[in-house]
Amino acid sequence: MRICSLVPGVTEIVAALGLAEQLVGISHECDYPDSVRHVPVMIEPVVGKEPASSREIDGQVKQLAAAGRRLYRLNENAFRRAQPDLILTQDLCHVCAVTPDQLAEAVRSLPSEPLVLTFSPSSLTDVLNDVKRVAQAVGRVDRGEAFVRSLKERLDRIAARVSGRPRPRLACLEWLDPLYVAGHWVPEMAALAGGHDVLGVKHAPSRETTWQAVAAARPDILAIMPCGYSVDRTIRELGQADGVRSQWSRAGHLGATLYAVDAASYFSRPGPRLVDGVELLADILHPDPRRPLDPARAVTVEPAALAMESPT
1 MRICSLVPGV TEIVAALGLA EQLVGISHEC DYPDSVRHVP VMIEPVVGKE
51 PASSREIDGQ VKQLAAAGRR LYRLNENAFR RAQPDLILTQ DLCHVCAVTP
101 DQLAEAVRSL PSEPLVLTFS PSSLTDVLND VKRVAQAVGR VDRGEAFVRS
151 LKERLDRIAA RVSGRPRPRL ACLEWLDPLY VAGHWVPEMA ALAGGHDVLG
201 VKHAPSRETT WQAVAAARPD ILAIMPCGYS VDRTIRELGQ ADGVRSQWSR
251 AGHLGATLYA VDAASYFSRP GPRLVDGVEL LADILHPDPR RPLDPARAVT
301 VEPAALAMES PT
């Protein structure tokens, strides 16, 4: 089977089912596992190709959306050369991938019509069901069911570990400037990890918020998880004195412990590694000296590292 996956999380599912060698096309963000990095890239972003701040990226996205312009270009020549039998795409977030109408145009140009599966998960349960959908489509039902069982067993171990413990108040922010509250599966992940998400709403989209709302929620812990950012990129942007840093100085007055986490790997993508994200949140919410945090996954952010200003 010739598989084209335009969704990073679903590409991870394909690889987990042992079918990375059958991928003939991926998106520009499909970078895990290493076995998919050689696969031809079918789409490229219009926004964020050059280094830009979160404020600049947000402005570019809003400007293109207001003008009715697309955020991604689909390489139709590469798409036709790939001749996929199965296309895996999404309709959850048009900021994250090509739109359904773009894909429909490209499919019409193919010599034969492929099977197209569209994913729109809003919960961790949806993601586990998506594993089964992919497994069914590629004829790996037994392997898919076994993989889902292994993921559920890991979640069960987390549940046993945090059972009966106090639930810290957790705020999860998925953009730096402007501030956005993480939604969809993240509040569910927080609950599974033994915390109480004080801003997010389960299965609801992310939404813009204010520092006043964050302060009013009285979080014990603030998880900084800008969509698609690594820990290093988040820390770099938090340190920009002429931009985000001046805004985030207010975080130092919350009385919360701040953590920057690897959002790109464990929170932004609805795929199998969301379970890793639950494990990571459990380690943050319920620290165990025998389980030190991997700095590539999460680091504490000292308020003193941010420009301290009087709260407004």
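The sequence shown begins at 1 in UniProt numbering and counts up by one. No residue lacks a Cβ here, since even glycine has one placed at the ideal position from N, Cα and C. Only a predicted model underlies this, so the values are computations on that prediction, with no experimental measurement involved.
For residue i, the three-state DSSP class (helix, strand or coil)
i: arginine 233; result: helix
i: tryptophan 211; result: helix
i: arginine 291; result: coil
i: alanine 298; result: strand
i: glutamine 63; result: helix
i: glycine 277; result: helix
i: leucine 285; result: helix
i: serine 27; result: coil
i: phenylalanine 267; result: coil
i: leucine 128; result: helix
i: valine 186; result: helix
i: serine 249; result: helix
i: serine 5; result: strand
i: leucine 254; result: coil
i: leucine 103; result: helix
i: leucine 155; result: helix
i: alanine 223; result: strand
i: serine 123; result: coil
i: alanine 191; result: helix
i: proline 111; result: coil
i: arginine 218; result: coil
Close beta carbons around residue i, own chain, < 7 Å, minus the five adjacent residues each side
i: leucine 306; result: Leu238, Arg245, Trp248, Ser249, Ala251 and Gly252
i: proline 270; result: Gly9, Pro121, Val127 and Trp185
i: serine 5; result: Thr11, Val14, Leu23, Ile26, Cys30 and Leu88
i: proline 219; result: Arg169, Leu170, Ala171, Val198, Leu254 and Ala256
i: cysteine 227; result: Glu174, Trp175, Ala263 and Ser268
i: threonine 312; result: For threonine 312, the predicted model reports a pLDDT of 41, less than 50, meaning its position is unreliable; a value from the coordinates is still stated below. Correct list: empty, nothing qualifies.
i: glycine 183; result: Gly200, Val201, Ala204, Pro205, Ser206 and Arg207
i: asparagine 129; result: none
Length of the line joining the Cα atoms of residue i and residue j
i: valine 24; j: valine 299; result: 36 Å
i: leucine 280; j: valine 231; result: 13 Å
i: proline 121; j: valine 278; result: 17 Å
i: valine 107; j: proline 178; result: 36 Å
i: arginine 233; j: serine 112; result: 42 Å
i: glutamate 309; j: glycine 195; result: Legend: pLDDT at glutamate 309 = 48, less than 50; position of this residue unreliable, value from coordinates given subsequently. Rounded to the nearest angstrom, the two C-alpha atoms are 29 Å apart.
i: residue 315; j: leucine 285; result: What is shown of the chain runs 1 to 312, which leaves residue 315 out entirely.
i: proline 114; j: arginine 80; result: 11 Å
i: valine 134; j: methionine 189; result: 22 Å
i: leucine 71; j: valine 61; result: 7 Å
i: threonine 99; j: valine 162; result: 40 Å
i: arginine 157; j: phenylalanine 119; result: 28 Å
i: serine 265; j: serine 109; result: 33 Å
i: glutamate 145; j: alanine 296; result: 30 Å
i: alanine 215; j: threonine 209; result: 11 Å
i: aspartate 294; j: alanine 223; result: 15 Å
i: residue 314; j: valine 138; result: Residue 314 is absent from the structure shown; the chain starts at 1 and stops at 312.
i: phenylalanine 147; j: aspartate 91; result: 24 Å
Chain-order list of residues whose beta-carbon lies under 6 Å from that of residue i (same chain, five-residue window excluded)
i: arginine 73; result: Glu44
i: valine 39; result: Leu23 and Ile26
i: valine 116; result: Ile87
i: valine 290; result: Going by the sequence as given, residue 290 is arginine instead of valine. Counting only Cβ-Cβ distances below 6 Å, and skipping sequence neighbours, we find nothing.
i: proline 301; result: First, the residue type needs correcting, since residue 301 is valine and not proline in the sequence shown. For valine 301, where only same-chain residues beyond five positions count, the Cβ hits under 6 Å are Leu258 and Ala260.
i: arginine 140; result: Leu17
Of the listed residues the options, nearest to residue i (C-alpha basis)
i: valine 181; options: Cys172, Ala20 and Arg108; result: Cys172
i: alanine 19; options: Thr209, Arg207, Asn75 and Gln136; result: The amino acid at residue 19 is misidentified as alanine; the sequence shows leucine. With distances taken between Cα atoms, leucine 19 lies closest to Gln136.
i: alanine 304; options: Arg273, Arg133 and Ala256; result: Ala256
i: arginine 154; options: Leu6, Val275, His28 and Val7; result: Val275
i: residue 381; options: Gly139, Arg2, Arg165 and Leu6; result: Residue 381 lies beyond the residue range present for the chain, which begins at 1 and ends at 312; the question has no answer from this structure.
i: aspartate 142; options: Pro295, His286 and Ala16; result: Ala16
i: arginine 236; options: Ser54, Leu110, Gly144 and Gly183; result: Ser54
i: valine 41; options: His28, Ser35 and Pro33; result: His28
i: valine 229; options: Ser206, Ala204 and Ala260; result: Contrary to the premise, residue 229 reads as tyrosine rather than valine in this sequence. Here the closest residue by C-alpha is Ala260.
i: glutamate 174; options: Lys62, Asp294 and Ser268; result: Ser268
i: glutamine 102; options: Val36, Leu124, Asn75 and Arg290; result: Asn75
i: alanine 160; options: Leu192, Val148, Val214 and Gly139; result: Leu192
i: arginine 167; options: Val148, Asp283 and Val36; result: Asp283
i: tyrosine 32; options: Leu258, Arg273 and His203; result: Arg273
i: residue 332; options: Val7, Glu21 and Pro287; result: Outside the displayed range of the chain (1 to 312) lies residue 332, so it cannot be described from this structure.
i: glutamine 240; options: Glu21, Ala52 and Val46; result: Ala52
i: valine 36; options: Gly139, Val7 and Glu56; result: Val7
i: residue 321; options: Val138, Val131 and Gly139; result: In the structure as shown, the chain begins at 1 and stops at 312. Residue 321 is therefore absent and cannot be evaluated.
i: arginine 149; options: Thr125, Gly139 and Val138; result: Thr125
Beta-bridge pairing of residue i - partner residues as DSSP gives them
i: glutamate 44; result: Arg73
i: aspartate 197; result: Leu170
i: valine 181; result: Leu173 and Arg207
i: valine 261; result: Ala298
i: threonine 118; result: Thr89
Cβ shell of residue i (< 8 Å), same chain only, five flanking positions each side left out
i: alanine 82; result: Arg2, Cys4, Val24, Gly25, Pro40 and Met42
i: alanine 217; result: Arg169, Ala171, Val198 and Leu199
i: proline 292; result: none
i: serine 123; result: His184, Trp185, Glu188, Lys202 and His203
i: alanine 78; result: Gly25, Pro40, Val41 and Met42
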